[in-house]
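Counting from 1421, one number per residue, gives the positions in the sequence shown under our numbering.
Heads up: the structure comes next, in structure tokens.
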Amino acid sequence: MTATLPTTNDLLPWALYYHARGWCVIPVNPNSKKPCLETWKQFQNRRPTEQDLRNCFSGKYRALAVICGAVSGNLGGIDFDSQDRCNWWRSTHPDLAGTLPTERTAKGLHVLFHCDPVPTQRPKAQKVELLCTGAYIILTPSPGKHWLTPPNGEIPKIDPFTLGLEAFGIKKPETSQLPEEPEETEEREEPEEQEEERKIASSSSVSSGNPKALSNESQAKLDEAITSTLPTDTGQRDRCIFTFCRWLKAIPELQDLKAAQLKPIVERWHARAYPIIGTKRFEVTWQDFIYAWKRVKYPKGMLLGPVLQKAREDTQNPPEATDYEDPRTQLFVRICWQLQQIHGEQPFWLSHRTAGQLLGISHTEAGKKFEMLMEDGVLGIANAHTKIFATRYRYIGQHAGKELE
1421 MTATLPTTND LLPWALYYHA RGWCVIPVNP NSKKPCLETW KQFQNRRPTE
1471 QDLRNCFSGK YRALAVICGA VSGNLGGIDF DSQDRCNWWR STHPDLAGTL
1521 PTERTAKGLH VLFHCDPVPT QRPKAQKVEL LCTGAYIILT PSPGKHWLTP
1571 PNGEIPKIDP FTLGLEAFGI KKPETSQLPE EPEETEEREE PEEQEEERKI
1621 ASSSSVSSGN PKALSNESQA KLDEAITSTL PTDTGQRDRC IFTFCRWLKA
1671 IPELQDLKAA QLKPIVERWH ARAYPIIGTK RFEVTWQDFI YAWKRVKYPK
1721 GMLLGPVLQK AREDTQNPPE ATDYEDPRTQ LFVRICWQLQ QIHGEQPFWL
1771 SHRTAGQLLG ISHTEAGKKF EMLMEDGVLG IANAHTKIFA TRYRYIGQHA
1821 GKELE
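The structure is reproduced here in structure tokens:
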């Protein structure tokens, strides 16, 4: 490879540079990310000539892409659509991260490699996708793209399934299949991601000794349980595991199984959570799951009903409740105390809206009661709310953790 890396942001020099590398270059719309040529599919099997490129990139277009596969010398790639996943991959594969051509995108990274043959099926998971034959990658100098490690010299030939992608739920396909409609990597839709994750979920086994396949309905619930309880930041692993146990307890086919029978499922949850969690060793996640699985009393969706009933029937208030005259406030204190008993040393969750429904008041009034109890030292915030989880509270009054006499 003797071509010189361009120093301009003009498309034509870059198109000719990629062409000299043996890559198949096409113009794309930077907004829709769709090919600009009506007959572009012909270039899945043959590269445009240098004159074709000069005609295309003489000022009319503003972005370009390279088609993956044999037409580009067995070029493939990985699209990391999350900075957390980028950081994890670069930290666990420092040699490859410093060698493979790597491009910064608006949300993450494109990592390119050579592979013989390039897979013809496109495994994808949430925020990570393996780019295979028929896919195309928008490259520098297109808007929002620039090289961190430019494609100078020979690109290593590697097996993409040795790059640690199983940590994101991407496994080597058993069959090869050319996608009907090649797509640019950044233009995925959420339903497609969810469907692909359901396919991954369907391969899991419940029992390690004699695998038992779940029904389609239970597989869908299991997929939702994993996706809905993944941490979004470090420091959330413990409570996410407890919440994951409650989700699993709500699946009839799983609720009565021993923890050991659920280990393959826990391993898959850990693999999905791995890029985010601070404690990486699976054995720590596994021991915390075993501890939580034995102590979860109420499955997801079946907690507040029994708590409210018990709080209404138990007219003996914790000492903190006697400071309030309003029966609804006293009931609220009893509800919070009951929730803390159920969760033991772990914090409990309760949203303003749910509290308002339990007490028969608006969520605004419920929010005022939360603030009053926190100001009076009855409740404390253990974890602030996130996009996934409601605020986690602790009952910190003098009667916390004690049985009523």
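Where is the CB? At the ideal position from N, CA and C, for every residue including glycine.
These numbers were taken from a predicted model, which means no experiment stands behind them.
Out of 1588, 1559, 1651, which has the shortest C-alpha to C-alpha gap to residue 1547? Within the sequence shown, the letter at position 127 stands for residue 1547. The candidate whose alpha carbon is nearest that of residue 1547 is 1588.
On the DSSP bridge assignment, give the partners of residue 1455 in chain order. The residue you call residue 1455 lines up with position 35 of the sequence shown. By DSSP's assignment, residue 1455 forms a beta bridge with 1448.
Could you tell me whether the stretch 1507-1520 touches the stretch 1467-1477, where touching means 3 or more Cβ pairs closer than 8 Å? No contact exists between the stretch 1507-1520 and the stretch 1467-1477.
In the structure shown, what three-state DSSP assignment does residue 1745 receive? For this step, residue 1745 is matched to residue 325 along the sequence shown. The answer is coil: DSSP assigns residue 1745 none of H, G, I, E or B.
How far does the beta strand (DSSP E) with residue 1498 in it extend, from its first residue to its last? Here residue 1498 refers to the residue found at position 78 when the sequence shown is read from its first residue. Residues 1495-1500.
Quick one: what's got a C-beta closer than 7 Å to residue 1658's C-beta in the same chain, skipping five residues either side? For the purposes of this step, residue 1658 is taken as residue 238 along the sequence shown, with counting starting at 1. These residues qualify, in order along the chain: 1708.
From residue 1727 to residue 1783, what does the alpha carbon distance come to, in whole angstroms? Sequence index remark: in the sequence shown, residue 1727 carries index 307 (1-based). Sequence index remark: in the sequence shown, residue 1783 carries index 363 (1-based). Between residue 1727 and residue 1783, the C-alpha separation is close to 19 Å.
Assigned exposure category for residue 1812 - 16 Cβ within 10 Å defines buried: Taking the first residue of the sequence shown as 1, we reach residue 1812 at position 392. Counting Cβ neighbours within 10 Å, residue 1812 comes out buried, since at least 16 surround it.
Pull the bridge partners of residue 1567 from the DSSP assignment, please. Translated into positions along the sequence shown, residue 1567 becomes position 147. 1523, per the DSSP bridge assignment.
Which of the three DSSP states, helix, strand or coil, is assigned to residue 1475? Here residue 1475 is taken as the residue at index 55 of the sequence shown, counted from 1. Collapsing the DSSP output to three states places residue 1475 in a helix.
Can you tell which of 1537, 1563, 1500 has its C-alpha closest to the C-alpha of residue 1577? Against the sequence shown, residue 1577 aligns to sequence position 157. Considering only alpha carbons, the answer is 1537.
Looking at C-beta atoms only, is the number of pairs between the stretch 1687-1702 and the stretch 1657-1675 that lie closer than 8 Å three or more? Counting Cβ pairs under 8 Å, three or more are found: they touch.
From residue 1687 to residue 1580, what distance separates their C-alpha atoms? Residue mapping note: residue 1687 aligns to position 267 of the sequence shown, counting from 1. Residue mapping note: residue 1580 aligns to position 160 of the sequence shown, counting from 1. The straight-line gap from Cα to Cα measures roughly 22 Å.
Can the beta-carbon of residue 1671 be found closer than 7 Å to that of residue 1641? Position 251 of the sequence shown, counted from the first residue, corresponds to residue 1671. Position 221 of the sequence shown, counted from the first residue, corresponds to residue 1641. Yes, the pair counts as a contact, with Cβ atoms nearer than the cut-off.
With DSSP run on the structure shown, which of helix, strand or coil describes residue 1680? Residue mapping note: residue 1680 aligns to position 260 of the sequence shown, counting from 1. Here residue 1680 sits in helix by DSSP.
Within its chain, find whatever has a CB closer than 6 Å to the CB of residue 1526; leave out the 5 residues flanking it on each side and keep chain order. By one-based count along the sequence shown, residue 1526 stands at place 106. Here the set comprises 1564.
I need the straight-line Cα distance from residue 1815 to residue 1634, nearest angstrom please. Here residue 1815 corresponds to residue number 395 of the sequence shown, with the count starting at 1. Here residue 1634 corresponds to residue number 214 of the sequence shown, with the count starting at 1. Rounded to the nearest whole angstrom, the C-alpha separation of residue 1815 and residue 1634 is 39 Å.
Leaving out the 5 sequence neighbours to the left and right, which residues in its chain are closer than 6 Å to residue 1674 when beta-carbon positions are compared? By 1-based counting over the sequence shown, the position of residue 1674 is 254. Apart from sequence neighbours up to five positions away, the residues of its chain that approach residue 1674 with a beta-carbon distance below 6 Å are 1668, ordered along the chain.
Going by the DSSP bridge assignment, what does residue 1555 pair with across the sheet? For the purposes of this step, residue 1555 is taken as residue 135 along the sequence shown, with counting starting at 1. None, per the DSSP bridge assignment.
Can you tell which of 1550, 1583, 1804 has its C-alpha closest to the C-alpha of residue 1511? Counting from 1 along the sequence shown, the entry for residue 1511 is found at position 91. Minimum Cα distance to residue 1511 is reached at 1583.
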